[in-house]
Amino acid sequence: LMTVGHLIEDELLTFDDSPDLNDIAIRYGKVTNMRITFIDELGNVLGDSSQDYSQMENHGDRREFIDALKYGLGESTRYSSSLETHLKYIALKVVNNDETMIIRLSIPIDDINVIKELIKLYIISGVIISIIASMAMGIQFSIILTKPIKKLTKLTKDISQGNFKGKLDINSNDEIGQLAQSFTHMQMKLDKTINELNERNIEMEAILDSMVGGLIALDLNNQVMMINPTAIEMFDINNKKIIGEDILLVIRDNVFNQFIKNHDELTIDQRVMDIKYEDKDYKIFKSKIINKLNDDKLLGTLIIIQDITNLKKLEQIRSEFVSNVSHELKTPLTSIRGFIDTLKNGAIEDKDVAEKFLDIIDIEAERLSILIEDILNLSEIETMKEDIYIGEYILKDIIAEVKDIMLPVAEKKNVTLDFTIIPDDIYVKVNKNRLKQLLINLIDNGIKYNKENGSVSITCKKIYNIIEFSIKDTGIGVSDKDIPRLFERFYRVDKGRSRTQGGTGLGLSIVKHIVNLYDGNMEVKSREGEGTEFIIKLPIVL
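So for the sequence shown, our numbering puts the first residue at 7; every next one is plus one.
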């Protein structure tokens, strides 16, 4: 429609005078089988290829006419009452000799659809014919020539992607058949070799990943050839591209770097060294990497790193424990021996003095006995992975036994004990003596460090399968800096007061290990001058 419209426009522009528009409309209508209409700018029909234009109504309200006047081009689709069919309208604005008119072209929608289908049919037919002709000419030749090559190419591609399971079914005796046989043989050998290498790599990775210690293999330029995850974690290495990197740049530690620098002087003294890295203690082992198949050629250095932080801490704890035990045992023994010597030197003749000294010796002996008992208890609990001496009990019965033991102790110190169990029918599965020891140690601690006329509140609550024990006193309290050390062996906040009260310094350490034995947890809340609260949670509900 647009093409015909522009042809008519070009013809109109050739006229100097006013042409016979109706004649032009009829002429183009016959040639194109379209309806051509000329309309002036007021909507009056000036010529039409299908009807007597003088009898036609004003077209000023037609959508295509309005758009063409406004934009130069208009179009619409609607039902034509005169032709009794749906038409597609295109309207073009033409200005000739200072006169504006509209060329309107229309064609039935059905004709457009027919044309589209014909064009589509022609195109499809042409394509199909071309394809069939091409296939007919080359398909047989292509199959014969390229089929074996395609199979070989596909199998090569599969192998490059790691798939060795494909097979070639080429049985010809020509060059391609011989190539296929050689390729199949190579494929089998390559598959076997790669499987063996993969198995070795998997085994090696499994060994390296499961090593407790760190492992680093370096070449002669101190570049990393291999490193296991443990070593990466031990030195907190964030660089993802470690392989090929200079170890002196990866691990920035002067002592470590000096130790590994020299590959040729691996004497006995140089093979092992302890280093401090940040807050960790490591033992470093160094050895040569030798190629036995190439005249013992030196390839690099193997570094093994062992984390001995816990071992160092255990050694320190053991040393401190031995020192503290020696001191704690020595003090009462020295006191006992001193008073015995005094008695031997004549004080025994004075009855009052002798009784006083014997009472002191008795107190010190009892203190010594309690200390030894606490040491044995602590040693026993530390070596246990789980408590095997457990039974089923009513919690209030255990609390009643603790109450009977601790009330006289509290009365001597003018301290009030207040016991609360919520609810009072809780059944627990526990070593009764162990739980009593835990509560007695905490209550005894609350009594010893309490004020005159103070109190200790003991509350037991059931929370699902957890028993929460709260032992809260109104004593002297503990400073924030002392709280983390409360459960250390022989640690005393007030050393003088603890000894005068008969404490061994092991009570809270025993409590901590009992809690750990039952997979429980504990919390300490304290304010100096106001008191301390110990909160123990144990999963012992039956």
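Just so you know, even glycine gets a beta-carbon here, dropped at the ideal spot from N, CA and C.
Whole-angstrom Cβ separation of residue i and residue j, contact assumed at under 8 Å?
i: S476; j: E539; result: 6 Å
i: T236; j: I266; result: Incorrect: roughly 17 Å between the Cβ atoms, too far for contact.
i: N234; j: M217; result: 6 Å
i: F262; j: I290; result: 7 Å
i: Y288; j: M240; result: 7 Å
i: V436; j: Y399; result: 7 Å
i: G511; j: D479; result: Actually they do not touch by this definition, with Cβ atoms about 18 Å apart.
i: K627; j: L423; result: With the chain running from 7 to 548 in the structure shown, residue 627 is simply not present.
i: I30; j: E15; result: That pair is no contact at about 11 Å.
i: I121; j: H92; result: With a Cβ gap of about 15 Å, I121 and H92 do not count as contacting.
i: I472; j: L548; result: Not really, about 12 Å apart at Cβ, beyond 8 Å.
i: I396; j: I367; result: Rounded, the Cβ-Cβ distance is 40 Å, inconsistent with contact.
i: S55; j: I32; result: 5 Å
Helix, strand or coil for residue i per DSSP?
i: H12; result: helix
i: E123; result: helix
i: T273; result: Confidence in T273 is poor, its pLDDT being 49 and thus under 50, which makes the residue's placement unreliable; the coordinate value appears in the next sentence. Note: T273 maps to coil in three-state DSSP.
i: M40; result: coil
i: T20; result: coil
i: R495; result: coil
i: E539; result: strand
i: P114; result: strand
i: V415; result: helix
i: G483; result: coil
i: E251; result: coil
i: L79; result: strand
i: F425; result: strand
i: D301; result: coil
i: S504; result: In this prediction, S504 scores a pLDDT of 49, lower than 50, which makes its location untrustworthy; no coordinate-derived value is stated.
i: K478; result: strand
i: K198; result: helix
i: D342; result: The amino acid at residue 342 is misidentified as Asp; the sequence shows Ile. Helix, per DSSP.
i: I369; result: helix
i: I295; result: strand
i: A34; result: Ala is not the amino acid found at residue 34; the sequence shown has Tyr there. Helix.
i: V218; result: coil
i: K391; result: coil
i: P25; result: coil
i: R258; result: coil
i: N245; result: coil
i: N351; result: coil
i: G132; result: helix
i: K442; result: helix
i: N456; result: coil
i: L512; result: coil
i: D356; result: coil
i: K407; result: Before going on, a small fix: residue 407 reads as Glu here, not Lys. Reduced to three states, the DSSP call for E407 is helix.
i: L523; result: helix
i: D488; result: coil
i: L364; result: helix
i: L7; result: coil
i: E534; result: coil
In the DSSP assignment, what are the bridge partners of residue i?
i: K435; result: E398
i: A223; result: M232 and L308
i: I472; result: I469
i: I290; result: M279 and I311
i: Y85; result: H92
i: V100; result: M107
i: M240; result: In DSSP, M240 forms no bridge with anything.
i: Y529; result: The question names Tyr, but residue 529 is Glu in the sequence shown. The partner list for E529 (beta bridge, DSSP) reads I541.
i: V547; result: V434
i: S463; result: D424 and K478
Does any residue of chain D bring its CB to less than 8 Å from the CB of residue i?
i: I469; result: Among the protein chains of the structure shown there is no chain D, as only one such chain exists.
>> Taking 8 Å as the cut-off, does the region 515 to 522 touch the region 463 to 476 (at least 3 CB pairs, one atom from each stretch)?
In response: The region 515 to 522 and the region 463 to 476 do not touch, with fewer than three beta-carbon pairs separated by less than 8 Å.
> Would you call the region 43 to 50 and the region 105 to 114 touching, i.e. three or more CB-CB distances under 8 Å?
Replying inline: With contact defined as three or more Cβ pairs closer than 8 Å, the region 43 to 50 and the region 105 to 114 are in contact.
>> List, from N- to C-terminal side, the beta strand (DSSP E) runs of 3 residues or more that fit wholly inside the region 39 to 77.
In response: Correct list: 41 to 46 and 51 to 54.
>> Check whether the region 309 to 322 and the region 219 to 227 are in contact - that is, three or more C-beta pairs closer than 8 Å.
In response: Note that the region 309 to 322 touches the region 219 to 227; at least 3 beta-carbon pairs, one per stretch, sit closer than 8 Å.
> Within the chosen definition, does the region 382 to 392 reach the region 517 to 526 through at least 3 CB pairs nearer than 8 Å?
Replying inline: Yes: at least three Cβ pairs fall under 8 Å.
>> Assess contact between the region 48 to 57 and the region 125 to 142, defined as three or more Cβ pairs (one per stretch) separated by less than 8 Å. Is contact present?
In response: Touching, no.
>> Under 8 Å: do the region 24 to 31 and the region 74 to 89 share three or more Cβ pairs, one atom per stretch?
In response: With the cut-off at 8 Å, the region 24 to 31 and the region 74 to 89 do not touch.
> Taking contact to mean at least 3 C-beta pairs separated by less than 8 Å, is the region 454 to 461 in contact with the region 416 to 423?
Replying inline: Flag = yes, the region 454 to 461 and the region 416 to 423 touch.
> Can you find at least 3 beta carbon pairs, one from the region 91 to 102 and one from the region 9 to 23, that sit closer than 8 Å?
Replying inline: By the Cβ test, the region 91 to 102 is in contact with the region 9 to 23, since at least three Cβ pairs between them sit closer than 8 Å.
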